[in-house]
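What follows is a short report on a single structure.
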Amino acid sequence: MSFLAPWAFAIAGIAAAGMVVLHLVARQRPAAFLLPTTRFIPDQRTLVSRAATRPRDLVLLALRVLLLLSAGAAFARPVVTPRRGSMSRIVLVDRSRAVASVTEATEKAKALLSDGVPTTLIAFDSMPHVLTPTALDSLASVPRSAAIGSLSAALIAARRASALLAESTDSIQLVLVSPVAASEIDSATRRLRAEWPGAIRIERLALRADSSAVWTLQTQLPADDQLGPAMMSSAPGAGVVVTRLVRAMATAADSAFARNGGTVVRWDSTAAVRPVAEGLAVGDEVIVAALGRRAMSTNGEVVARWADGTAAATEARVGSGCLRDVGVTIPAAGDLALHPPFQRIVRTLLTPCGVAAAERSADSVALAWLGGATTNAAQASTLRDADVRPSPLARWLLGIAMLLALVELAVRTRREPEEA
Amino acid sequence: MPTGPYGALLDAVRGVRWPAARRVMGATLGAHPSQLRGNSSEFSEFRPYRQGDDPRRVDWRLLARSDRAYVRLTTDRATFRTSMIVDASASMAFPLPQLDKWRLARELAVGLASVAHAEADPVGLAIAGAGQAVLAPRARRSVLLEMMRALDATTPAGSTALAPFVTSARASRLVVITDLLGDFDDLLAAARLRVASGSEVIVVHIVADEELDPPGGALLAVDPEAPQLRRILNGDLRAAYREAFMRWLDDTSTALRAAGVRYVRATTGEPAPHLVRRIAGETARRGA
């Protein structure tokens, strides 16, 4: 136990010592003696100084000393420092849609638990959840989340958990069990990673089967097309399933293409629509940006919606293929196409019908800064809250001091009539 | 008669006589010389017959020898109503815890009453304290026991004036047993009146040894009858206290004696039988 304001306890100790001295060598009222002839004593001072040859009222003295020490200790703001272990561990287990197998994630987490290091488990997709070790088995039986994983949310949860662990350990190791998909990294992730003072050990999981390798994008965009930059991250492969992007009215050839099993995405750029602030939601992705609404067909299934619920993109079956109509116009000016969320929306809207949205592994640069330059675990001292809170002991000590004051008053009140 | 703690005292004072200091008034036959001259068997003197004298008191033999008529005068004896007025104020409860002043006052009251009662004098008791008790003078055998019970049942407390008891006492001999720390001036005035009316007033002044010589060391003296009166008594003040107290003792005794009151100082260190004998004996000497 230590004190945040030790000077208060020192003052109380000095006061207690002074009280003991005063009690022993104080000006004391001598013992009362009933004397019927008191009237013949000259009326002079009523107090005399004398050193106590035999200490009196030891109970009162003890009560007063304890009172002072208790109050002093309470005002000194005691802090109880728990016994600390050498290392603790925080394991972030990814269960987002980017994970190929949740079972693999739980097995890796179990392996980390086996070495006996105190471990805090945090499962995350778009939201983090702190798990008990026994909940890990049940996690394996839960289906993979359909939500996009958020490493930022996981890092925030780890930082919060570390503040609690830091009180009882010297260092904290952070382990990330995740495939580290690109979709799990957002603009806050890097800054949040910088907040973690140590290395992050990354246990890579298999990425969910990426469909980008089995479909092909067929388009011919002019160089100044606004969709061009947004499609740069899509990078489809050379699969047998083909998506044809049409930036004007669909032709008979496009319809025939669709009927033969292809996917035609009609994203008309010819309509001149004035962009306004709009909210657009496609699957889990939501953006708010200056966008234009274009009149479009209402036939088929809605695959994208505006913030007011109206359809922003629809998809209709044609033969063995499908025709997707996107009613979103992109402003000619602006950097919207460069934003990753919008790029993911574009990628989703260009994915062939019946093919799941593709996941892509984060690049090596991202993995490098995510892992960190050092291999050391984070020092707990750097993770503790700056505002050290005094323990509840201070309140108890203050209560004890008040109780002692009442007892002292009762004892003193009882003694005075006896003396009289 | 069950006498309790007073048995030894009564044995010690048995046979002590306590005659009145002067001839007493009274017709009831007793042990004290009466102011009346009657026809008792105790011859005193002859006096020439005067008209109106009872012819039965004429000494006929002397008339025959001298041819003059003389009447025989005899001395009558009468009883002397005696009352004990005992101060039971808080100052008599001293020193704690043995209460020597109150013990001595009780023993003196019982001892003197027993001496008076042995001479067939009616004796009474008045306890002036928080619980007042008054026993009218009686000559019956049980009166001593009643006095003992009343005294034993009393605990000194409070502050009660003695003067009203002196004024209203139905006795010719008053023994006031007190420490004189109460209404001394009123008591002196009342005693002066009683003396002027022919009563015999004896004040037995009870003084504790601890009052004459308080315990050593510094102490906070508290007046039991006025607790707000508190004074420090230490080595420096002890001599001044003793001087003031002794001066007061002298003043009170002088004032009482000047008023015709018989003053007897009794300290707690003196045995009660000895004090009883001193009081009764001095009276006898004075009477002689």
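Listed in order, the protein sequences are those of chains A and B.
Per the working numbering, the first sequence starts with residue 1, numbered consecutively.
Per the working numbering, the second sequence starts with residue 421, numbered consecutively.
For glycine and all other residues, C-beta sits at the position ideal for the given N, C-alpha and C.
Collapsing the DSSP output to three states places residue 510 of chain B in a helix.
The beta-carbon of residue 43 of chain A is placed less than 8 Å from the nearest beta-carbon of chain B. The C-alpha of residue 69 of chain A lies about 12 Å from the C-alpha of residue 7 of chain A. Along the region 497-517 of chain B, going in chain order, the ones with a CB nearer than 7 Å to a CB of chain A are 511, 514, 516. Straight through space, the alpha carbons of residue 587 of chain B and residue 617 of chain B are spaced by roughly 11 Å. Contact with chain A is absent for residue 555 of chain B, since none of that chain's Cβ atoms lies less than 8 Å from the residue's Cβ. Rounded to the nearest whole angstrom, the C-alpha separation of residue 639 of chain B and residue 546 of chain B is 35 Å. Listed in chain order, the non-local C-beta contacts of residue 290 of chain A below 8 Å within the same chain comprise 275, 276, 277, 278, 331, 334, 336, local neighbours out to five positions each way being set aside. In terms of beta-carbon proximity, residue 39 of chain A lines the interface with chain B, with at least one pair separated by less than 8 Å. Proximity of residue 24 of chain A to chain B, defined by a Cβ-Cβ separation below 8 Å, is not satisfied. Contact of residue 643 of chain B with chain A by beta-carbon distance below 9 Å involves 34, 35, 36, 37, 38, 39.
Taking the CA atoms as reference points, residue 175 of chain A sits about 12 Å from residue 196 of chain A. Annotation note: the region 70-156 of chain A contains the following uninterrupted alpha helix (DSSP H) runs of length 4 or greater, listed N- to C-terminal: 102-113, 135-141. Taking C-alpha positions only, residue 249 of chain A is separated from residue 300 of chain A by approximately 18 Å. Rounded to the nearest angstrom, the gap between the Cα atoms of residue 22 of chain A and residue 637 of chain B is 21 Å. Contact between residue 508 of chain B and residue 472 of chain B fails: their C-beta atoms lie close to 52 Å from each other, not under 8 Å.
Per DSSP, residue 359 of chain A lies in no alpha helix (DSSP H) segment and is marked neither H nor E. With contacts defined as CB atoms closer than 8 Å, residue 624 of chain B and residue 571 of chain B fail to qualify as a contacting pair.
Cβ neighbours of residue 519 of chain B within its own chain (closer than 6 Å, five residues either side excluded): 513.
Taking C-alpha positions only, residue 13 of chain A is separated from residue 392 of chain A by approximately 21 Å.
Residue 314 of chain A: member of the beta strand (DSSP E) spanning 311-318, first to last residue.
In the DSSP assignment, residue 503 of chain B is bridged to B/544, B/594. Burial check for residue 230 of chain A: the Cβ neighbour count within 10 Å reaches 16 or more, so the residue is buried.
Between residue 324 of chain A and residue 315 of chain A, the gap from beta carbon to beta carbon is short of 8 Å. Taken in chain order, the complete alpha helix (DSSP H) segments of 4 residues or longer contained in the region 612-694 of chain B are 629-632, 655-678. For the pair residue 533 of chain B and residue 582 of chain B, the Cα-to-Cα distance works out to about 19 Å.
In the DSSP assignment, residue 534 of chain B falls within the alpha helix (DSSP H) that extends over 520-538. Contact check between the region 152-166 of chain A and the region 97-117 of chain A: fewer than three CB pairs, one atom from each, fall below 8 Å, which does not count as touching. Around the C-beta of residue 500 of chain B, 16 or more other C-beta atoms lie within 10 Å, and the residue is accordingly described as buried. Not a single C-beta of chain A is nearer than 8 Å to the C-beta of residue 678 of chain B.
Taking CB atoms only, residue 634 of chain B has a neighbour in chain A less than 8 Å away.
Neighbours of residue 660 of chain B across chain A, judged by C-beta separation under 8 Å: 41, 42. Around residue 668 of chain B, the beta-carbon contacts reaching into chain A at under 8 Å are 40. Residues of the same chain with a CB within less than 7 Å of the CB of residue 608 of chain B, apart from the 5 flanking positions on each side, are 675, 676, 679 in chain order. Contacts with chain A (Cβ-Cβ distance below 9 Å) from the region 574-606 of chain B involve 599, 601, listed in chain order.
Under DSSP, no beta-bridge partner is assigned to residue 483 of chain B.
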